[in-house]
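Student: Residue numbers (our numbering), protein chains in the order written: chain B, 1 to 169; chain C, 1 to 103. So that we are looking at the same thing, I have put the structure below in C-alpha cells.
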C-alpha cells in the first residue's frame, strides 16, 4: 500500500468516527462538542477530496464549511441556553426505531453497492488544469444554474435579515 | 477484498456517513444537532459525487458539489435564523416543545 492508500483509511476512519460523535457522544450531550466534531468530519472529508484530486473542492469545503458554516453554528450555539440539553431524558423507543430505520437505509444502499460492484478503474491521466476547466464549465454550460444560485443566495440573505429582526411581524 | 481504495471504498464511506446523518436527524431531538446531522448527509452526498467525478474522469460531479455547498450554506443561514426566532418566542430548541401544529 502506498501513502495515499493509507491516508484514505486514516481520513475515512476519522470522518466516520467523528461523524458518529456528532450524532452520539457518550461523554457529553452538549451540542458544542457536536459542532466541533462536525468540523473534524468536514476537514477529514476535505482530505478525502484531495485524495480524489479535487483540490479546489477541498479548498472550498474548508473555506465555506469549516469557515463560514461552523462559525454560524457556534455563534448560534452560544446564543442559546445549552445546559438544558443535558437534563433531558432520552427516549429509548424513538432512539431504537430511528436507529433501525437508519440502519435499514444504510444496509439497502450498501447492498445495492455490493450487487452493482462498480469497480472503478483509476483514470491514468491527471485531469489538466482543474480550476480552469471548472471555471470554463461554470460560465458556459452551467451559466444558468450559477445565476440561479446567485438569486438564491440573495433571497436567503434577505430572508435571514427579515426573520431575525426583533419585531417579528 | 481489495485493500486498494477504489470507487467502492469511497462509496462505502459515503453511505455510512449518510446513515449516521440520517440516524442523527431521526433520533436526536435537539434542532441544532439535527441541522448538523443534515450537514453530514449533504457532505456524504458530496463525497459520492466527487468520487464518481474522479473515477469517470469528468468534472460535472464536482460542479454539482459546488451547487450543493451553496445551497447548504443558504439553508444553514435560514435554518439558524428560524431557530433563533423560535428561541426568542418559546425559549426552546427542541422539536418536542414545538408541537402546536401536531394533530
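Ideal placement from N, C-alpha and C gives every residue a C-beta, glycine not left out.
Let me see if you follow: with CB-CB separation under 8 Å, is residue 35 of chain B close to chain C or not?
Tutor: yes
Student: Among C/54, C/37, C/15, which residue has its Cα nearest to the Cα of residue 23 of chain B?
Tutor: Residue nearest to residue 23 of chain B within the set C/54, C/37, C/15 is C/37 (criterion: CA-CA distance).
Student: Could you round the C-beta distance between residue 73 of chain B and residue 116 of chain B to whole angstroms and report it? I think they count as a contact, below 8 Å.
Tutor: About 36 Å separates the two Cβ atoms, so there is no contact after all.
Student: Residues of chain B with CB under 7 Å from residue 51 of chain C, in chain order?
Tutor: 52
Student: Distance, Cα to Cα, residue 46 of chain B vs residue 10 of chain B?
Tutor: 13 Å
Student: I'd like to know whether the C-beta atoms of residue 106 of chain B and residue 15 of chain C end up nearer to each other than 8 Å.
Tutor: yes
Student: Buried or exposed for residue 141 of chain B, going by 16 or more other Cβ atoms inside 10 Å?
Tutor: exposed
Student: In the structure shown, what three-state DSSP assignment does residue 25 of chain B receive?
Tutor: coil
Student: Which residue or residues does DSSP assign as beta-bridge partners of residue 60 of chain C?
Tutor: DSSP lists no partner for residue 60 of chain C.
Student: Quickly, what does DSSP pair residue 30 of chain B with across the bridge? List them, please.
Tutor: Residue 30 of chain B pairs with nothing; no bridge assigned.
Student: Can you give the Cα-Cα distance for residue 68 of chain B and residue 78 of chain B, rounded to whole angstroms?
Tutor: 16 Å
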